[in-house]
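Numbering follows my numbering, in which position 48 of the sequence shown is assigned residue number 297; successive positions increment by one, without gaps. Below you'll find the structure, written out as structure tokens, and then a few comments.
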Amino acid sequence: MIDVYRYITMAEKAILVLIAIFTIYGVGLEMNKVVQSGDVQLTDLLLMFIYAEVLGMVAGFYRSRKIPITIPIFIAITALCRLIILQGKGISTIDLIYESAAVLLLALAALVIRWNLIKLKRDSGDSIY
């Protein structure tokens, strides 16, 4: 009988390895761009944070076999902030309000998840950290 779970798990691991490789490649490209231009912009730094968070998410999966839901939320917050900065002053007011509200909503979601995690660990007697 075919063990479907085993094949899905192998595919998942292969995809995560590819994500890590492509992320490291993206970091290399970004660093090369910064070195070539001789200028570091805030958007470059935010992109590097996104890459670091993606690598942290992959490493976290291999450490605990789980992906904490807050990491993708932090990636989304960083990406939205980068988008707002990239758009600059040319962005319409309503778009800026929507994007800022999305950042706030994501931050509140991360806060609620963190509070629930702390409460769950406190109730079970586990260490929070």
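Beta carbons: idealized from backbone N, C-alpha and C, even for Gly.
Give the DSSP-derived three-state secondary structure of I270 in the structure shown.
-> In the three-state reduction of the DSSP assignment, I270 falls in the helix class.
Assumed close pair D293, E279 - CB separation to whole angstroms, cut-off 8 Å
Rounded, the Cβ-Cβ distance is 6 Å, consistent with contact.
* Asked: Just reading off the alpha helix (DSSP H) that G309 is part of, what are its end residues?
  -> Looking at the DSSP string, the run of the alpha helix (DSSP H) that includes G309 is 291-313.
If I follow the unbroken alpha helix (DSSP H) through D372, where does it start and stop?
Start and end: 342-373.
task = Report the rounded CA-to-CA distance for I362 versus T319, giving the unit in angstroms.
result = One C-alpha to the other measures close to 7 Å.
* To do: Would you mind sorting M259 into buried or exposed? The rule is 16 or more other CB atoms within 10 Å of its CB.
  => The residue in question, M259, is exposed, as its Cβ has fewer than 16 Cβ neighbours within 10 Å.
| request: Take every Cβ of the region 265-277, pair it with every Cβ of the region 301-316, and state whether three or more of those distances are shorter than 8 Å. | output: Between the region 265-277 and the region 301-316 there are three or more inter-stretch CB-CB distances shorter than 8 Å, so the stretches are counted as touching.
Selection from I334, Y311, Y347, N365 that minimises the alpha carbon distance to K262: It is Y311 whose Cα lies nearest to the Cα of K262.
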